[in-house]
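A quick write-up on the structure given underneath.
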Amino acid sequence: MAGFNFSVGSGEGQGAAGCFGRIFQAGFFSVFLGMGLLFFVLLLRSILQGEPKTLVFFLLLPLVFVVVGAAGLYSAIRGPKPKPAPESGLSEALSSKATDPRKGAWFMVLFFAVFLAVGLAVSYALLFRPALKLVKARHWAPTACTILSSDVGRHSGSKGGSTYSIDITYEYEAPGGIYRSGDYDFMGASSSGYDGKADVVKRYPPGIRATCYVNPEDPREAVLNRDFQAEYLIGLFPLLFVFVGLVGMPWAYRKARQASHPSDLRAGTIVAARGPVELKVPAGPVAKLFGAILVAAFWNGIVSVFVWQMVEGWRHGHPDACLTLFMIPFVAVGLGLIGLIGYQFLALFNPRLHVTLSEQAVPLGSSADLEWRFSGSASRIERLTMTLEGREEATYRRGTSTSTDKHVFCSVELVALPAGSAVASGRTRVEVPAGTAPTFEASNNKILWSVKVHADIPRWPDVIEEFPLRVLPAGGAP
Amino acid sequence: MTVDAGGRTEFRPGETLAGAASWNLDTAPKAVEVRLFWYTEGRGTQDVGLVDKARFEQPLMSERRDFRFTLPEQPYSLSGKLVSVRWAVEVVAEPSGEAQRLEFTLGPNGKEILLGDPVNP
Amino acid sequence: MTTRARDNPFSTHRLDALRYRPQGESWEDMLGRLEAMGWRGSVVGPEGSGKTALLHDLAPRLKAIGLRVENLRLGFGQRTLPVDTLRRLSSLLDGEAALLLDGAEQLGPMGWRAVARSARRAGALVITLHRPGRLPTWVWCDPSEALFLELVSELTGGCSDEAEHAARKAFAAHGGNVRSSLLSLYDAYSEGRLGAPRRE
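Residue numbers (this note's numbering), protein chains in the order written: chain P, 1 to 478; chain C, 1001 to 1121; chain F, 2001 to 2200.
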């Protein structure tokens, strides 16, 4: 009997980085779970308060958040799933160590697809639908109505706090008869902040005549306030999930494809799609800024809780020296992350680099034309260098953590230009040396090629980009 | 157990590797597999990629069987400072796990690529 | 020219193939002691002290006495095991089976209790820990500099003076962590700083 051999979290991505990753994962999915529960409660309230019953179907969407959040949180707490480990002892076969393609990689595609789908659906409910109504309501007929009741609704939250809503009922006459509505605006949700809602309620005491706006296409629908308000901005939040889904899906798809076909091992001719391609960096400047903001917000959000306690202690004459000393490195990292936001923000104003290669993949010993163009203020560039680089990457286990070493085995200068008109755009030939190795990617060992660009801008973040390049075996058809 | 590749140890991508595996075991195995695979050695945790295999069910205790594989285009046999990629054919008996391996090189000239060196003639 | 990766004696596959060296006793002595402990014990030692290598070499010896061996290796922060894993352990671990658990120090109290419960009927249970606890200590892994130099000599086919000097320095720099020390010698050997490279 072969026995039951597996390693649970065998070191890939583990160690301090892995621990931090799991904390981040737990925090992220806690937020996911919380948002799902919040949206579920909000939607349920809206339905119970008389919103169109079709909203019932939308209840499924926050439940997806709840399920995904709960699953992700459980996974973070539990840790990585077990993976097969090489059997010790009798088998001498090296080939027995061959691992299957990571089926789990395709799960990530599905995960981000869910993100995207749910983000789009919730965006529709909280952003697009109210926005559309706001626009249409400009043409709704102002109609006299009578306020029947008016109060600030109080709703107990899960953590003991309360949220409030504007609960006004009014009656109006429209084609088809007499109607009643409880809608003040197009949001209808409850939120914290009592005073603003109390002011609104004061303006609409029971018995007074007021003006409401009635939907001519459906007289049952009416609102007292058809103006844009700050609360509508909450509808922007689900766009975050749309963004994550839009970014995550192609990334996960690429990873899944890599896992299924690590090195194009099928016998026969390697064929890559022909024709020019614009080389893409893994993350553009906006994504880098967004990432920096997310990381800084998350880190500083947690650190600020302890900093607040520390500051309060000093303010009230009970300083905690241990806490103060302990927090110094964390605050330093937090400040560094804020500085990174500044750096990435400045980098947004850098000239934007566009690189096109005449072939999507280049065989060894062959060449391709590379064209570049800077949009924006390329005149600020003091020097431009482009290099073709081939490097080895090896990932290994060091205790319970992993490290990746890199070694450049080939570096060919493509372009080295001082400031001048030639920097803004140009063309060069990329010749991949024969006698070296094509692109190879396995789980722990890789041979990678890239075009590295460095545009030196004095007293400003430089443009530093690396464009992955696929190099085929010699004779592989481009 | 032995495995041979027709006396050759250098191959080009797309060529056919034809050989024979023979064994003489104490008990009849449930199956014998001849596996074509690449593996890495060096700084990184070892990766192994199974490319093809030929399986012989319920063979005799002592037998010789031929096999043929069409070699893929890559990965090449190579060695750099951190990563080496090697190719091998291995005959494995099940369930005992006894094995015998024959290494060969796969490359445009049949030779191992040395990264960082001038082009191999 | 740098040494080819596959020729570097400090490549990971060669390090993973290093066998455990009992210090001052034989494997027979060790197995006898484990039997006297009811086939339940822990291998204790800091990171990189040879605990994994010991478990790896223990497995065939347990198989030789008729036990089926189940191997489990935990990663950093693995404080619990998935429920399906525990269920599978419970069904597989009978009196004819041994569980070798590498990285038991990662388990939290509840995680350890769950594993111990699943393995209660196992014929043998050996775990690795960084500090004594959970099970009686069977072997204490505390590699000496002399042992480390022996390993380096075995890997390189004989230690030159430069190699010995570099090895001592690496061992001290990595606080006695054998694996990290050996890994740190990879670059030095590759660049020829430990004597003539070895070719197959």
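Virtual Cβ for every residue (Gly too), placed ideally from N, Cα, C.
None of the values given here were measured: they were computed from a predicted structure.
Excluding its 5 nearest sequence neighbours in each direction, C:V1091 has C-beta neighbours in its own chain below 6 Å: M1001, V1003, A1021, V1034 and Q1100, listed in chain order.
By the neighbour-count criterion, in which a residue is buried when 16 or more other Cβ atoms sit within 10 angstroms of its Cβ, F:R2006 is buried. Cβ atoms of F:L2072 and F:L2031 stay farther apart than 8 Å, at about 21 Å. In its chain, beyond the 5 residues on either side, T1105 and G1110 have a beta carbon closer than 6 Å to the beta carbon of C:E1010.
Within chain P, the residues placing a beta-carbon under 7 Å from that of C:D1047 are A442, S443, N444 and N445, ordered along the chain. Around the CB of P:L357, 16 or more other CB atoms lie within 10 Å, so the residue is classed as buried. Residue range G177 to S181 is occupied by the beta strand (DSSP E) that includes P:I178.
Counting only residues of its own chain and dropping the five nearest sequence neighbours on each side, F:S2011 has a CB closer than 8 Å to the CB of A2005 and Y2186. F:L2089 is bridged by DSSP to nothing; it lacks a bridge partner. Counting along the chain, no beta strand (DSSP E) covers F:S2153; the unbroken alpha helix (DSSP H) around it starts and ends at E2145 to T2156. Here P:P142 is not near P:G176, since their CB atoms are 7 Å or more apart. Inter-residue distance for P:C212 and P:A144 is about 6 Å (C-alpha atoms, whole angstroms). Taking C-beta atoms as the reference points, P:V152 and P:V118 fail to come closer than 7 Å. P:A332 and F:G2157 have their C-alpha atoms spaced approximately 48 Å apart. In this structure, the CA atom of P:W372 is about 26 Å from the CA atom of P:F440. Per DSSP, the unbroken beta strand (DSSP E) holding P:H354 starts and ends at R352 to L357. Contact check for C:R1008 and C:Y1039: beta-carbon distance about 19 Å, past the 8 Å limit, so the pair fails to qualify. Spatial neighbours of P:V362 in its own chain (CB-CB distance under 8 Å, excluding positions within 5 residues in sequence) are listed in chain order as A368, V430, V432, L469, R470, V471, L472 and P478.
If you look at P:T436, you'll find it isn't in any alpha helix (DSSP H); DSSP assigns it neither H nor E. Closer than 7 Å to the CB of P:F29 there is not a single CB belonging to chain C.
The bridge partners DSSP lists for P:T146 are P:E171 and P:R209. Neighbours of C:A1021 across chain P, judged by C-beta separation under 8 Å, do not exist; the nearest C-beta is about 13 Å away. Across the structure, F:S2049 and F:L2015 are spaced so that their CA atoms are roughly 13 Å apart. Secondary structure note for C:Q1058: it is in no alpha helix (DSSP H), with a DSSP letter that is neither H nor E. Contact annotation: P:S443 and C:D1052 have beta-carbon atoms that are not nearer than 7 Å. Rounded to whole angstroms, the gap between the alpha carbons of P:D183 and P:L346 is 45 Å.
Taking 7 Å as the cut-off, the beta carbon of C:A1054 is found closer than this to the beta carbon of C:F1067. P:R315 is classed as exposed because its beta carbon has fewer than 16 other beta carbons within 10 Å across all chains shown.
Look at P:Y396: its C-beta is under 7 Å from a C-beta on chain F.
Exclusion of the five residues before and after P:D462 leaves H454, A455 and D456 as the residues of its chain whose Cβ lies within less than 7 Å of its Cβ. Not flagged as an interface residue toward chain P: C:G1110, since no C-beta distance is shorter than 7 Å. Of the candidates P:F241, P:E171, P:V303 and P:L294, the residue whose Cα lies closest to the Cα of P:Y124 is P:F241. For the pair P:E389 and C:G1080, the CB atoms are not nearer than the 7 Å cut-off. For C:Q1058, not one C-beta of chain P is nearer than 7 Å to its own C-beta. Within chain C, the residues placing a beta-carbon under 7 Å from that of P:D405 are R1043 and L1082, ordered along the chain.
P:S401 reaches chain F at F2076, counting residues in chain order whose Cβ is nearer than 8 Å.
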